[in-house]
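Residue numbers (this note's numbering): 2 to 427.
Following this line, the structure appears as structure tokens:
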């Protein structure tokens, strides 16, 4: 019985496909007839050429080509296939040669359930029976064409072309999301999107990934600034899992734990306790940095519990350059045991705002705070995230910070891809 049912199904499908062939052949004949009439009457037709309207008359046919009358665009000929089904629907004679033609063209235009098929002759009855499958097959065909277009694009490795591919994918997912073909190939679409989105990233996307104020500068550099007047700036720093425990082994071994706290307050970021927080900002090479703030605790008393660092180029395990809140500078890499630092009697005093700046040049890291200066060898580079580390019994009130340098697109790429895939619904 199963074999008989399958044979019956195949026979039904063959009959339906034969009806489709007959209908399309009749439309092709009708198009040729309309074209000949338009050539004789010199009546103009409206074509869509490269998304632009072309209103022109056809003067002759030559094989598979329509020869155009003189026109402003200077187009001499178009393929007969450019006389589209949409144009054919507009140019249908009244009355139509056969009653099924108008509703069939509406089905092919994707109007689906809104198409009314009235009448009782055999051709109309057959079309009424086939209508649902015509609409479904049309949608499958359109989706297949979209997939083919994506395949033709491949994986562009240049940002502008990659962004165009992402837009094409976005349109496909927006208009064909419910298609069985899209659902079946969702994993493949996600894999394709991951590859394309990665190449779509360039420095133009950096500000939206960093947050805060981010200015694109010449030479692919950006200047990232946080003022902490908005709570959203403070929210950019999130706890590093086990980060404080790892960092304290090298920064403040053996010192007591203090409950960590990072709190926006009256336009500043209050930093307290034993904690480490990472930001989304990541640089391949930092050229300059600046910190403004003030202590609420005498930095010359119990200095081991007075440490708050802006970490530049933080990477696990324990690799960073740091500006200390006591206006010192440190470079450290546990992997290579590279270490350099400059600690002197600090020029910073309690409850007095100050500004410390750092610049990289000629293999040196140079710190300045008022008349105070320090310089160390640039032993680790600066590729990594911007982070905060604290071992602070009082509160350090961070007024603002800025970091200038070349963003690390490789470090940023996973976050960019994740965000864009979420936008695509993948």
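Each residue gets a CB set at the ideal place from its N, CA and C atoms; glycine is no exception.
Predicted model, so just to flag it, every value in this text is computed and none were measured.
Does the beta-carbon of residue 264 have 16 or more other beta-carbons within 10 angstroms, so that it is buried, or is it exposed?
-> Exposed, since its Cβ has fewer than 16 Cβ neighbours within 10 Å.
Please list the segments of the alpha helix (DSSP H) lying wholly inside the stretch 376 to 427, counting only runs of 4 or more residues, in order along the chain.
-> Qualifying alpha helix (DSSP H) stretches, in chain order: 410 to 425.
Compute the Euclidean distance between the alpha carbons of residue 98 and residue 30, then round it to the nearest angstrom.
-> Distance between residue 98 and residue 30, taken at the CA atoms: about 11 Å.
Could you pull the start and end residues of the beta strand (DSSP E) that residue 160 belongs to?
-> Element bounds for residue 160: not the beta strand (DSSP E) but the alpha helix (DSSP H), 160 to 177.
Relative to the C-alpha of residue 296, which residue among 224, 233, 392 is closest?
-> Ranked by Cα distance from residue 296, the options 224, 233, 392 are led by 392.
Candidates 389, 315, 362, of which the one nearest residue 409 by Cα = Considering only 389, 315, 362, the residue with the shortest C-alpha distance to residue 409 is 315.
Could you have a look at residue 238 and say whether DSSP puts it in helix, strand or coil?
-> In the three-state scheme derived from DSSP, where H, G and I count as helix and E and B as strand, residue 238 is classed as coil.
Which residues share a DSSP beta bridge with residue 264?
-> In the DSSP output, where bridge partners are listed per residue, residue 264 has 271.
Just the Cα atoms here: how many angstroms apart are residue 177 and residue 154?
-> Near 19 Å, if we compare the C-alpha coordinates of residue 154 and residue 177.
Per the contact definition of three or more C-beta pairs closer than 8 Å, is the stretch 402 to 421 in contact with the stretch 280 to 289?
-> The stretch 280 to 289 vs the stretch 402 to 421: in contact.
Do the stretch 413 to 422 and the stretch 203 to 217 make contact, defined as three or more Cβ pairs closer than 8 Å?
-> Contact holds between the stretch 413 to 422 and the stretch 203 to 217, because three or more Cβ pairs, one in each stretch, are under 8 Å apart.
Alpha carbon to alpha carbon, how far is residue 159 from residue 359?
-> Between residue 159 and residue 359, the C-alpha separation is close to 35 Å.
Residues bridged to residue 47 (per DSSP) = Answer is 56, bridged to residue 47.
With DSSP as the reference, label residue 125 as helix, strand or coil.
-> Residue state, collapsed to three classes: helix.
Can you give me the Cβ contacts of residue 426 inside the same chain, cut-off strictly under 8 Å, excluding the 5 residues immediately before and after it?
-> Same-chain partners within the cutoff: 174, 178.
Report yes or no: do three or more beta-carbon pairs, one from the stretch 216 to 228 and one from the stretch 187 to 202, lie closer than 8 Å?
-> They do not touch, by the three-pair rule.
Euclidean distance between Cα positions of residue 93 and residue 141 | Near 26 Å, if we compare the C-alpha coordinates of residue 141 and residue 93.
What do you get for residue 424, buried or exposed, if any count of 16 or more other CB atoms within 10 angstroms of its CB means buried?
-> Exposed.
Helix, strand or coil for residue 186 per DSSP?
-> Coil at residue 186, not helix or strand.
Straight-line gap, residue 132 to residue 206 (C-alpha atoms, nearest Å) | Rounded to whole angstroms, residue 132 to residue 206 spans 46 Å at the Cα level.
Contacting residues, own chain, Cβ-Cβ under 7 Å from residue 20 (five flanking each side not counted) = The answer, listed in chain order, is 127, 131.
Just the C-alpha distance for residue 420 and residue 149, rounded to the nearest angstrom, thanks.
-> The C-alpha of residue 149 is placed about 26 Å away from the C-alpha of residue 420.
What three-state label does DSSP hand residue 232 in the structure shown?
-> If DSSP states are grouped into helix, strand and coil, residue 232 belongs with the helices.
Residues near residue 273 by beta carbon distance below 6 Å, same chain, minus five either side | Cβ within range, chain order: 262, 393, 396.
When burial is assigned at 16 or more other CB atoms within 10 Å of the CB, is residue 323 buried or exposed?
-> Buried, since its Cβ has 16 or more Cβ neighbours within 10 Å.
Please determine, among 267, 48, 361, the residue with the shortest C-alpha to C-alpha distance to residue 89.
-> For the residues 267, 48, 361, the minimum Cα distance to residue 89 belongs to 48.
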